[in-house]
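Chains as they are written, first to last, in UniProt numbering: chain A, 1 to 560; chain B, 1 to 879.
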């Protein structure tokens, strides 16, 4: 691509630092379907998974993309769905006419990509935005059906600050759903001063209208469960009553509040499942919540104070604009998985030495679970007795589910799993332009450096796309024309999106080896049948928070 | 830098002073240098700007005998836009005066090298304008028609012929082309230096590295120039500062508004082809691709006018912006695509450079010349709209004539600075407008084009009411005027699709409005017209106006007089209606774009007398024109006053009440020859009176109408409009308006002598009305204006306006007929017989249509509905 040598290059084909998504596995993405037809199933399965997890360096297992990996007894039919369906799918494709090959049109692609997009702009007061947050864009693209990721965003009304979070569920979406509904209330309550807590309690006691605690910013698809709201509310009330009783008198520390909220919610989830509910629907719900799991990555922004509380392998990343206009990424969370040495170390210290070999197998907790911290997942927290008792007394649906009955191997000293988050504090600087919270679906396909660049260029309107200069180099009109056409294509894909998260998903799914969006590839990835989609990509959920550098700069100056 | 390096500096040899300076200057170019020649303390003329326009003005002034001239240049001669410009001399211009300027420039540059000894790089290459669409071909044919009648060789050729002239052109998407063999290429900086050399030989002092800080004006006259090297007293100042002309105009205490704004302009230079391009290959202009391509040192030079121009220097001279003037390849991309589409064989050609050269553009795509209305002696020549080389020579000549003789040798009103006022001087307006103007350089120029930016600046109080009723708007001098009303439920084409040289989509709409004017009554909002009041404590007003205006204004109070405001040569500076409000006060109605010009003309000629007041009351009145036979009924019902001809004769003015509103100035004129009234309404009553008129008019079938209906009516009635048909080179004698001149009354007035001479010796051109005979309104190209008129197969003049007459069901063109001697081309007297005894044809884009010439309007057609004492028309017949 580079048409002239020398330091002042004319061509700036930004070569993506990440590996291409499909091209390693297949000679050319353009032949995706024919290739599938012609290949052996096992080979495709493994290559697909290989692609998927090349950052995680895990085994080329058929199920490696799932957070869970089960023993190879092949006894849990449900868990083999992907393969079986895959098999079936390939089969039917075999008989389909060879010319049956369809592409989505760009508008169709856009309607899929934009179905879940949501934007929120912090309102301005007197023409001034006094918040350090300008607003946020969020979006999610399902691979599972139904999607197991969740997202939440809310403004704290009784304290300052804004809460944003992404939640990646596994073994169903129940836990992620519950956490997305409940966690922010727990955090908000933990942050409330004593007087406000009292006021709220008094209001509830006397049946008066309650002070609103959170203002939610929800996409119409982000639902709250109506049936469980009473149950959830009671648990929350118990929590704040305890907080009132505890009244430490100290000012609330955000880090403490976040940790307490996470732990408390996970505790409540566990308790609710143990206690059960007379309502059979609710009873089944709380059990599903407890037996499924979810990771959470939550940001609390208040002025220049940014706290990230992370549990699991979703990730928070700060986009920083350097003085020369380029973009760099700063990690604000650590993944809690086998790739994190400290995390492995922590798990090992929490259990007897005898279990050292069985604790982490094949990069998974007890050889099964990828994230090392999570909400729910009582199978990794409760004692065997408790699990058995709850399942036996539970509804039939639970009993029929092979997965819930299955006890992890080498399960000696529970709990093996915790929901306690790791909290990182960052003081925002004017060069910190945006924050990306995303589930591992994004980070598996894109390097954070690319994420920073793509979002940065998107938010600044690609003003910083390096201008081309011919200088003294030999360039022909034809070469220049080709180069300009390519650059235009890149810019036009930016203007297609009004939402930074959508733009990022477009790149994550559609990027070719040159780091530009390839419509053909995008079309194919999005038209994969439900059963197959999960083989090529994970659910992706992204929140891009844009900061107001002026406010941040002003805050800094005040402090100086 | 290449151009600069190429440029020889021989011109300096002519002046020994320059030789001394030259050596020291070349050695140190970055540090400030001493100026060995000090500035003179005074001069007759100071010219600011050493580009093509400045040097051209200096050249022509010195040729015309003015010697005491100083030319100041802030940097070096020909170092600004002139140095960077592409050097194409192209005569294919749609506006006649621009065509003449380009033609003159071409002839001037051709002999310049011989005259001065400075090599100008003049090469006659010819030019090829390509058409990708039939519409484009029509517009080229129109230009070809006007070039041909000027004696400029030019032909419309097929794509195959085009490729023979330039082998690199891809002709697959072409429908035709225009070839102008005499168009040329020059090295623009050298042309400028050659002009400077000649001027310097003629005594013009040239000072480089001298910048003008401001111009001092006292009592409305230029007195001197302040520079960074001291002050020069002068009588005349010429602002040729190019894109800095706006700023310079605003630097003085009395601002001179020069509405122009710079845009970045890009062109590409390449290395030579493997087999270097011949320097005689014609320049290719592909307006549909928005590009031009010329040969350049064996390679090509290609630039264009993109759809999304980049305006700059909005906030004035900005060092940062100047430094950032870099190549912008992404911006140039579409033009590069167009280039490779036109010449696919150039793919392998190696790029040398992408040049970014800011050009200044004006709000109406025409350059700006003339004298400031606020400071006498302050002349301007700037805003060349990227055609500085093509126009430079001719424009310099016209301006020099203007300064020396008081007026140029041709009608330059389309370029006159006074067509603009302060209202076009807003930076926001200019920034937005030039972004529209620059792409327009390449857009198809169809009849009745309206600018889309910088609109809704001046509006009538009725704007919203009219808009809600389907009004479609055009703009004149910033004022929104209704073209026509789209009836509810009817849709017109969108802007781009409505562009046509044929029958427009509003044809039936305007037809209905005209019909209503003829049979019932219509209302047209005519608030845009310029309105002045002149009054005095004694008889000064009458005395002065009698001298300045050609018709007798000493009429009874309440009478309205049509009169010209003539120059010394008897030509129309303005054509207006003046109502005598009282013994000592007059109310004057002039065309909209006269606001600045007429004001300056009167201010400069009225004595500085505190008893005499001149006031611009344009903004105070909303004007409603009630046209049609039932206007009488509507107005009498609203005022309870008899409005019949006995009580309210034609050309009468009276203040009366309309509805609840009192003090409405009602005049029995309509500017169309139809019966009716114009109501001058103090603006706060405008809505009330409009509502009353519309309510009352309902039973008489009243409806809104627009200017297109008005145009059709006035043209079929042979009414000339100033600015369109009349100009400073047209006398009342030439357009059958002798009856509007008080020649017999023994009163002295401006232009009298010239008119008397014409009366005695006859006129050399005659305003004539043509009715197209074999023209199919539905199928044929419509006339516009500027179409050549042929008498017995010989060119005799051009049309000035045209319209479809719904009454005659024919097209009517108005225009001037000359009588050129068959052998010498000398202009001979035009007699009535000459007009009447000829077979006429009108050339529309190369196609000739038979036309019937008439010197008087059709009277019989209209009499049945006209009142007996219709003075407005009867005047014509008494001649």
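Using N, Cα and C, we set each Cβ at its ideal position, and we do this for glycine too.
These numbers come from a predicted model, not from an experiment.
Its chain contains 243, 312, 313, 358 and 360 as the residues whose beta carbon lies nearer than 6 Å to that of residue 262 (chain B), once the 5 sequence neighbours on both sides are disregarded; these appear in chain order. Bridge pairing for residue 296 (chain B): B:299 [DSSP].
C-alpha of residue 845 (chain B) to C-alpha of residue 464 (chain B): approximately 39 Å in a straight line.
Within the DSSP secondary-structure output, residue 135 (chain A) pairs in a beta bridge with A:121 and A:546.
With respect to residue 765 (chain B), residue 688 (chain B) sits apart: the two C-beta atoms are not nearer than 7 Å. By the CB criterion at 7 Å, residue 287 (chain B) and residue 435 (chain B) fall outside the cutoff.
Against chain A, a Cβ distance below 7 Å from residue 337 (chain B) picks out 481. Among the CB atoms of chain B, one or more fall inside 7 Å of the CB of residue 478 (chain A). At the C-beta level, residue 373 (chain B) and residue 784 (chain B) stay beyond 7 Å of one another. When C-alpha distances from residue 484 (chain B) are compared across B:703, B:105 and B:50, the shortest belongs to B:703.
Where residue 581 (chain B) is concerned, the enclosing beta strand (DSSP E) starts and stops at 572-582. Under DSSP, the beta-bridge partners assigned to residue 627 (chain B) are B:522 and B:676.
From the beta-carbon of residue 286 (chain B), no residue of chain A is found nearer than 7 Å; the closest lies around 15 Å away. The beta carbon of residue 510 (chain B) lies closer than 7 Å to those of 484, 708, 709 and 712 in the same chain, with the five residues before and after it left out.
For residue 351 (chain B), the C-beta contacts it makes with chain A under 8 Å involve 470, 475, 476, 477 and 480, in order along the chain. For residue 348 (chain B), the residues of chain A that pass the 7 Å Cβ criterion are 476 and 478, in the order they occur in the chain. DSSP places residue 588 (chain B) within a strand segment (E or B) once states are collapsed to three.
For residue 329 (chain B), the nearest CB of chain A lies under 7 Å from its own CB, placing it at the interface with that chain. DSSP, read as helix, strand or coil, puts residue 426 (chain A) in strand.
Residues of chain A with a Cβ closer than 8 Å to the Cβ of residue 340 (chain B) are, in chain order, 477, 478 and 481. Using a Cβ-Cβ cut-off of 9 Å, residue 453 (chain A) is close to nothing in chain B; its nearest Cβ partner there is about 18 Å away. Of A:175, A:482 and A:536, the smallest CA-CA separation from residue 330 (chain B) is found for A:482. As computed with DSSP, residue 145 (chain B) is found in no beta bridge at all. Residues of the region 353-373 of chain B with a C-beta atom less than 8 Å from some C-beta of chain A are 353 and 354, listed in chain order. Judged by DSSP in its simplified three-state form, residue 735 (chain B) adopts helix. For residue 333 (chain B), a Cβ of chain A is located within less than 7 Å of the residue's own Cβ. In the DSSP assignment, residue 46 (chain B) is bridged to B:70 and B:237. Straight through space, the alpha carbons of residue 548 (chain A) and residue 325 (chain A) are spaced by roughly 17 Å. Contact between residue 229 (chain B) and residue 210 (chain B) holds: their C-beta atoms lie close to 5 Å from each other, under 8 Å. The C-beta distance from residue 99 (chain B) to residue 62 (chain B) rounds to 26 Å, too long to fall under 8 Å, and the pair is not in contact. Around the CB of residue 538 (chain B), fewer than 16 other CB atoms lie within 10 Å, so the residue is classed as exposed. Taking the Cβ atoms as the reference, residue 454 (chain B) lies roughly 44 Å from residue 556 (chain B), outside the contact range of under 8 Å. The continuous stretches of alpha helix (DSSP H) do not include residue 815 (chain B), which lies in the beta strand (DSSP E) extending over residues 810-818. With its beta carbon at least 7 Å from every one in chain B, residue 504 (chain A) lies outside the interface. The shortest C-alpha to C-alpha distance from residue 123 (chain A) to any of A:155, A:538, A:445 and A:150 is the one to A:155. DSSP lists B:262 as the beta-bridge partner residues of residue 312 (chain B).
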